[in-house]
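Numbering-wise (the working numbering), the sequence shown opens with residue 1 and increments by one.
Beta carbons: idealized from backbone N, C-alpha and C, even for Gly.
This report concerns only the one structure given below.
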Amino acid sequence: MLRAGTALAYLAKLLFALSIGSAFTQRLWQSLRSKHFTLGAVDNLFDLKNDPTRLLKFEVLTRAKASVLVALSIWQVHPLQYLSYHCPH
Numbered sequence: 001m002l003r004a005g006t007a008l009a010y011l012a013k014l015l016f017a018l019s020i021g022s023a024f025t026q027r028l029w030q031s032l033r034s035k036h037f038t039l040g041a042v043d044n045l046f047d048l049k050n051d052p053t054r055l056l057k058f059e060v061l062t063r064a065k066a067s068v069l070v071a072l073s074i075w076q077v078h079p080l081q082y083l084s085y086h087c088p089h
């Protein structure tokens with residue numbers, strides 16, 4: 001029973017992460033259609049899901065607030081997913 005519960009919890013977390021990623025993409029395109037961004041800001045916006053340091057850019061923070069909030073929720077679900085350090089043995 002424990003394995004089934006663990007599998008169900010993993011599946012729920014996976015589906016939640018996928019839905020947040022989809023919401024981020026939709027919100028990102030809506031922001032890009034409605035506002036003017038520099039090319040660097042567009043690059044930062046597309047990289048928000050993979051690199052949390054992109055959140056520190058001023059133009060991204062001030063002009064795409066909803067996208068930043070969704071990106072923060074992605075990093076709450078998968079903290080440091082892409083920023084792992086492997087110690088050599």
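Counting along the chain, the unbroken alpha helix (DSSP H) around aspartate 43 starts and ends at 39-46. For threonine 62, the enclosing alpha helix (DSSP H) begins and ends at 58-63.
Less than 8 Å separates the beta-carbon of phenylalanine 37 from that of arginine 63.
Put simply, the backbone Cα of glutamate 59 is about 17 Å away from that of phenylalanine 24.
Pairing alanine 41 with lysine 57, the inter-Cα distance amounts to about 8 Å. Assignment of lysine 13 by DSSP, reduced to helix, strand and coil, places it in the helix class. Here alanine 12 is not near leucine 48, since their CB atoms are 8 Å or more apart.
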